[in-house]
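In the working numbering, the protein residues as written are 196 to 292.
Every residue, glycine too, gets a C-beta built ideally from N, C-alpha and C.
To start, the structure under review is shown below, and the notes come after it.
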């Protein structure tokens with residue numbers, strides 16, 4: 196097949212989100228994941244060590260472009276302070292502030 200390239204393989208990406216400790220902010224973050232319909236392999240919510248801020252960490256199975264789009268959508272949300280994406284198959288990180 197000439198000129199047709201295969202889609203990039205799906206790989207695991209760990210996404211860490213610092214967000215306000217408010218139920219509405221957490222609900223919005225889960226809404227982004229639900230709308231994008233990406234497979235989630237793991238999810239955890241922890242206190243960040245700063246009062247009023249939580250850390251949402253999840254592992255999603257997606258191509259790099261989809262992982263970046265999820266991070267961009269999360270970063271645009273009110274109540275999200277930062278988003279960091281780590282591709283689990285290499286050591287490169289990308290921080291959105």
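For residue 218, does the count of other Cβ atoms within 10 angstroms reach 16, so buried, or fall short, so exposed? That one is exposed.
Per-residue burial, residue 283 [other beta carbons within 10 Å of its own, 16 or more giving buried]: Looking at its Cβ environment, which holds fewer than 16 other Cβ atoms inside 10 Å, residue 283 is exposed.
Taking only beta-carbon atoms, is residue 243 less than 9 Å away from chain C? This model lacks chain C altogether, as it is built from one protein chain only.
Proximity below 9 Å, CB of residue 264 to CB of residue 212: Cβ distance not < 9 Å, so residue 264 and residue 212 don't count as in contact.
Complete runs of the alpha helix (DSSP H) confined to the region 201-231 [at least 4 residues]: As far as the region 201-231 is concerned, its whole alpha helix (DSSP H) runs of at least 4 residues are 218-231.
Which stretch, first to last residue, makes up the alpha helix (DSSP H) that contains residue 234? Where residue 234 is concerned, there is no enclosing alpha helix (DSSP H), given that its DSSP letter is neither H nor E.
Buried or exposed for residue 292, going by 16 or more other Cβ atoms inside 10 Å? Residue confidence is low: residue 292 scores 43 on pLDDT, short of 50, so the model does not pin down where it sits. No coordinate-derived value is stated.
State the CB to CB distance for the pair residue 275 and residue 269, rounded to an integer number of angstroms; the pair is presumed to be in contact (CB under 8 Å). The pair is a contact, with the Cβ atoms about 6 Å apart (cut-off 8 Å).
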